[in-house]
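Working notes for the structure below.
Residue numbers (this note's numbering): 1221 to 1331.
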């Protein structure tokens, strides 16, 4: 099981048939491992500064995840309809790959 997120959806035309479709770019989302470090004086000072900035209202977005390019799909509008999945940018999906097949399911909550 792999968690993927759509980063870009672009309308395209098939160069051979002229059929309208979509180019959908996915990235894999991996949780970054937490590192256990022995705190030093410098790290304590930096942590105190970060806490003060947070209390002052500065947004600190530190997501514990890494985004790795995974795949690009080229689908016709008809193929998109057959999927029966709402494909939207920033939505997260569960991608299962096995011998001879792939399955994509929308995740309603990703933690």
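Glycine included, C-beta positions come from ideal geometry on N, C-alpha and C. Just so it is clear, the structure is predicted and the values come from calculations on it, not from any experiment.
- Residue 1238 sits exposed, since fewer than 16 C-beta atoms from the chains shown fall within 10 Å of its C-beta.
- The residue from 1265, 1221, 1278, 1229 with its alpha-carbon nearest to that of residue 1250 is 1221.
- Just measuring C-alpha positions, the residue of 1285, 1269, 1286 sitting nearest residue 1278 is 1269.
- Boundaries around residue 1231 are those of the beta strand (DSSP E), 1222-1233, since no alpha helix (DSSP H) includes it.
- Within the model, the alpha-carbon separation for residue 1289 versus residue 1246 is close to 6 Å.
- In its chain, beyond the 5 residues on either side, 1242, 1243, 1244, 1245, 1307, 1308, 1309 have a beta carbon closer than 8 Å to the beta carbon of residue 1229.
- Residues of the same chain with a CB within less than 6 Å of the CB of residue 1293, apart from the 5 flanking positions on each side, are 1244 in chain order.
- Here residue 1316 is actually not in contact with residue 1326; their C-beta atoms are around 13 Å apart, not less than 8 Å.
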